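Only one structure is covered here, and it is reproduced in the block below.
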Amino acid sequence: MLLLRHGPIRGFAYRRLAMPLDRGVSPDRAARGLAGLGEHDERHVVHSTSWRATREGGIALTYLVHPDPAPDQPGTPLPEPHKIARSPRPGHPSPPHLEIGHVVAHAVRHLAFLAGADPAVAVHVSAWPDLVHTLRSLPPATAGEVQHA
1 MLLLRHGPIR
11 GFAYRRLAMP
21 LDRGVSPDRA
31 ARGLAGLGEH
41 DERHVVHSTS
51 WRATREGGIA
61 LTYLVHPDPA
71 PDQPGTPLPE
81 PHKIARSPRP
91 GHPSPPHLEI
101 GHVVAHAVRH
111 LAFLAGADPA
121 VAVHVSAWPD
131 LVHTLRSLPP
141 ATAGEVQHA
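And the structure:
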């Protein structure tokens, strides 16, 4: 899970939390619980942004939470929110050198897409004008985006 924050001077920063998902537990509920959000908390966007295979043979499901519910905790800066990992080989879709910064950049671009395509997310991010401005400056394309003719 990526707990995202944004400031007009420093840009994006994040905290990363992870936990194994117990059998029978909803990933959405687990993500909200890990972030410390109550069931009726509507002040945060919680959205699944990606999944990928792990080196250990499992699946990592990434959620983005905005804003970070604990902004006083140390965060990691994201200096290049536009940098996306890609595979150089079309028959091998997993990037060979995927790092957490790539995953966070993908999540930020996913948020940019949602801010333009999902009315509830658009209302949420509108409370942060600097965030809206930054999101609009990013290419909003996300993995799996379908474009209609």
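In this text, residue positions in the sequence shown follow the UniProt record's numbering: the first is 1, and each later residue adds one. The C-beta atom is built at its ideal place from N, Cα and C for all residues, glycine as well. Note that the structure is a prediction, hence the values are computed from the model and not measured.
Close Cβ partners of residue i (< 8 Å) along its chain, the five nearest in sequence each way excluded
i, result
"I84", "H102, A105, H106 and R109"
Beta carbon proximity, residue i to chain B, threshold 8 Å
i, result
"H102", "Included in the structure is just one protein chain, with no chain B present."
For residue j and residue i, the rounded distance between their alpha carbons
i, j, result
"P129", "R5", "13 Å"
"A143", "V121", "Reliability fails at A143, whose pLDDT of 47 lies under 50, so the model's placement of it is uncertain and no value is given."
"E39", "E99", "31 Å"
"H148", "L138", "With a pLDDT of 49 at H148, under the threshold of 50, the modelled position of that residue is not reliable, and the figure given next carries that caveat. So the alpha carbons of these two residues sit roughly 21 Å apart."
"H97", "P69", "30 Å"
"V132", "R10", "15 Å"
"L114", "M19", "25 Å"
"G7", "Y63", "20 Å"
"P95", "A53", "11 Å"
"H82", "P90", "21 Å"
"P71", "P119", "25 Å"
"G116", "A127", "14 Å"
"R23", "E42", "26 Å"
"P88", "E80", "20 Å"
C-beta contact flag for residue i and residue j at 8 Å
i, j, result
"V30", "L17", "Note that residue 30 is Ala in the sequence shown, not Val. No; because the gap between Cβ atoms is not below 8 Å, this pair is not in contact."
"L111", "L135", "yes"
"L61", "W51", "yes"
"R15", "Q73", "yes"
"W57", "A13", "Reading the sequence as shown, one finds Gly at residue 57 and not Trp. Against a cut-off of 8 Å, the Cβ pair of A13 and G57 comes out as no contact."
Bridge partner(s) assigned by DSSP for residue i
i, result
"S48", "Y63"
6 Å Cβ shell around residue i - same chain, five flanking residues per side excluded
i, result
"V65", "L3, A35, H44 and V46"
Top-ranked residue by Cα proximity to residue i, from the options
i, options, result
"residue 151", "P88, A117, A127 and P67", "Residue 151 is absent from the model: the chain starts at 1 and stops at 149."
"P27", "P88, R86, A117 and T49", "T49"
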